[in-house]
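The structure appears right after this line, and notes come after that.
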Amino acid sequence: MTVETILQKTISDAILSLYSESIDQKGIILQNTKKEFNGDFTLVVFPYAKMAKKNPEQAANEIGEYVKRELPVVSDFNVIKGFLNFSVSDEYWRQFFSDNFSNVDFGIQSERKEAPVVVEYSSPNTNKPLHLGHIRNNLLGWSISEILKANGYCVKKVNLVNDRGIHICKSMVAWLHFGHGETPESSGMKGDHLVGKYYVLFDKHYKKEINDLLANGMSKEEAEKKAPILQEAQEVLRKWEAKDEETLALWRKMNAWVYDGFDKTYAKMGVDFDKIYYESDTYLLGKDIIKEGLQKGVLIQKADNSVWADLTPDGLDEKLLLRSDGTSVYMTQDLGTALLRHNDFDAERLIYVVGNEQNYHFEVLRLVMKKLGYEWAEKIYHLSYGMVELPEGKMKSREGTVVDADDLIDEMIDTARKISEEHGKTSAFEKEEAEHLYNILAMGALKYFILKVDPVKNMLFNPKESIDFNGNTGPFIQYTHARICSIIRKAAEKNISIEKLEQFPIIDLSAKEKNLIKILYAFPNILKQAGENYSPALLANYVYDLAKEFNGFYQDTSILHETTELQIILRVSLCRFVGNVIKTSMKLLGIEVPERM
RNA sequence: GGUUCCGUAGCUCAGCUGGAUAGAGCAACUGCCUUCUAAGCAGUAGGUCACAGGUUCGAAUCCUGUCGGAAUCGCCA
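Counting from 850, one number per residue, gives the positions in the first sequence under this note's numbering.
Below, the structure is given as structure tokens:
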């Protein structure tokens, strides 16, 4: 039990005994006392003062007296206007500190919850390489999965690869026309980039054909449909659906190239999956559900045989679920895969990490599922995230303003190398060790930069200026960790053993030490909130605050000097604690922390 | 036009379920490397929390409206 829960309970008792009002202890909200005031936890008493029909100050004093009398851990209290500030005894903080400082799993929930949480993320198309938008998706999906695991959930990370459809056929057609048998081996290109190259070539050629047709007097709309290369792609799609062996062989070959490329990018980003679904296996799913819905009469069939869901009662419009020719649309498939996933995992929650351009889609998905009688539709949660914008505006593939994931990562590594060498940081490093460090720093900078922003918000990414190594950045936190490791190494050289903690209670904590301990104390709660809100940003901003606070402490405290051995032990232990929490937080964000840099 | 989301310092972002004097970083300016790593620290300056109403002891936070920006409203995925 934490002090907060004990305080809540006692306050609840106090209100009951003083004012005969019963308030659930969970409804008693405590906040951390602001730095400018004395105390550790603050109760805002205005609501209870009203209840007690007394003025706030009087009520605060009464509650304060009661709590101080009943709770030995509360050493004192003070009242300012309607704010009741409790001071928790130093013994409590020291005890908390010595109980937890060496716990590498501090804050991690060890009790396992039974039902899994399924997190779908990444979900790439196989016709082009991953770009900056995918990076946000992948980092968010991976990190939130790890955060949920740390909160005791059994998490299944899944990827639904969109491996079929007109887009991949476009790449195939272009490759047949212009490829001359080019392969990743023959060209030295990464497979996904190679296939992407042909997708771009297709588009170029397609545009040219449209222009030619326009020049011949055809309408724009017609030209877009009649362009020969597009018709060819559509023919390839028909052949694919008819399981034409030659088409399938090419499709398999080119997809294999792409997967090979994706795997490399995923590995660089450090993300992984427990299960991969392929749309080619699932794209026919969902039709049965629709039929069932028709029989139940919750869906409507129009004269042309197309099937619709009427969502006007829910404030939306009508949504197509089956085309007039009986083929399925995106929504049909998603209905099917949702059911499949529910059956596969019997999950407590189905999380989809998908961009906010699909907010409407998921709203409809949930509503239709419910209409069809699947109560578990409420378990579907769309973890929606905003777009990544560039200084020039939106990323547009046609205008070539897309930031390629692999290019960006390489560029980051170059930057890390350049800056590190300028600082002369790695002159003593072996070459291999230095390269490894540049890698860690580059990915740390990139990941932290993206994860620290609230997912719902669109974010701006300036490739030239945004990725920095100073200030609120990944490398700053990594740097803090490296210095902590350095202190612990030096302490070991001085034969300072931090195991002698039973001696701690006789040492007074300085204000700065106490402040750090209070920040550390908050970690489990932050972790829980990050899980509940599906927001790695919460954790990222917390760990920055911690690192910043530690740096201030580091600067004006002689951790290893000019003091008694016991004080040194205490401070080194504090370093250990801060280091552990930084390491854990960063790990959950997917960021490695080096021991020296 | 309908719906949803966003709007906080010059720029990029925090601000937990309403609480005390709105916080960081970057950029600018001042100091600090003989002392555990200066990728750092301390400080100065920078705000009508888009705007207007409302709710209440109390609003950046909740409600309504207005103005800006984004997304979406395809028999594309």
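Think of the CB as a built atom: it goes at the ideal place given N, C-alpha and C, for glycine as much as any other residue.
Item	Value
Inter-residue Cα distance where the pair is Asp1253 and Leu979	6 Å
Best match in Phe886, Val893 and Thr859 for proximity to Pro921 [C-alpha to C-alpha]	Thr859
Top-ranked residue by Cα proximity to Phe895, from Gly888, Arg943 and Pro905	Pro905
Counted within 10 angstroms of its Cβ, other Cβ atoms place Thr1161 as buried (16 or more) or exposed	exposed
Cβ-Cβ distance between Pro1373 and Gly1001 below 7 Å	no
Residue from Ala1158, Arg1445 and Gly1439 with nearest C-alpha to Ala1116	Gly1439
Endpoints, the beta strand (DSSP E) within which Gly1204 is located	Arg1198 to Gly1204
Where Asp873 falls, given that 16 or more other Cβ within 10 Å makes a residue buried	exposed
Alpha-carbon to alpha-carbon, Tyr1223 and His1210	17 Å
Sequence-distant residues of the same chain with beta carbon closer than 6 Å to Met1118, five excluded per side	Asn987
Cβ shell of Leu1365 (< 7 Å), same chain only, five flanking positions each side left out	Glu1398, Phe1399, Phe1402, Leu1423 and Val1427
Run of the beta strand (DSSP E) containing Pro1481, from where it starts to where it stops	No information on residue 1481 is available, as it lies outside the stretch 850 to 1446 that the chain covers here.
Sequence-distant residues of its chain with Cβ nearer than 7 Å to Lys1088 (five each side left out)	Thr1096
Pro1304 CB to nearest heavy atom of the ligand COA below 6 Å	What this structure holds is no ligand at all, so the ligand COA is not there to describe.
Nearest-angstrom Cβ-Cβ length linking Thr1406 and Lys1361, presumed shorter than 8 Å	7 Å
Cβ distance (whole Å) where Tyr1126 is taken to contact Val1010 below 8 Å	7 Å
CA-to-CA distance, Ile1408 to Ile1200, given in whole angstroms	45 Å
Ala1064 classed as buried or exposed, judged by whether at least 16 other C-beta atoms fall within 10 angstroms	exposed
Cα-Cα separation between Phe926 and Glu1441, rounded to whole angstroms	42 Å
Backbone CA spacing between Leu892 and Ile878 [nearest angstrom]	7 Å
C-beta contact flag for Met1456 and Leu1286 at 7 Å	Shown here, the chain extends from 850 to 1446; a query on residue 1456 therefore has no answer.
At least 3 beta-carbon pairs within less than 8 Å: the segment 929–948 vs the segment 988–995	no
Selection from Asn1382, Glu1284 and Met1435 that minimises the alpha carbon distance to Ile1326	Met1435
Residues near Tyr1055 in its chain [Cβ-Cβ closer than 7 Å; skip 5 each side]	Ala1076, Ile1078 and Leu1079
Euclidean distance between Cα positions of Asn1008 and Asp1259	25 Å
Proximity to Met1308 [Cα-Cα], best of Ile984, Trp1106 and Thr1181	Ile984
Cut-off 6 Å between Cβ atoms - residues of its own chain near Phe1318, not counting five sequence neighbours on either side	Ile1268 and Pro1324
Sequence-distant residues of its chain with Cβ nearer than 6 Å to Leu981 (five each side left out)	Val1237 and Val1252
Within 7 Å, strictly: CB atoms of Val966 and Leu933	no
Cut-off 7 Å between Cβ atoms - residues of its own chain near Asn974, not counting five sequence neighbours on either side	Asn1011 and His1016
For Ile1431, the three-state DSSP class (helix, strand or coil)	helix
Residue environment, Gly888, which counts as buried when at least 16 other CB atoms sit within 10 Å	buried
Anticipated Cβ contact below 8 Å, Asn1205 with Gly1242, distance rounded	Contact doesn't hold; Cβ gap of about 17 Å is too wide.
Boundaries (first-last residue) of the beta strand (DSSP E) holding Thr1412	No beta strand (DSSP E) holds Thr1412; DSSP gives it neither H nor E.
When Phe1111, Ala1277 and Met1067 are compared against Asp1041, the one with the closest alpha-carbon	Phe1111
Cutoff 8 Å; reference Lys1219; Cβ partners in own chain excluding five residues on either side	Ala1226 and Glu1227
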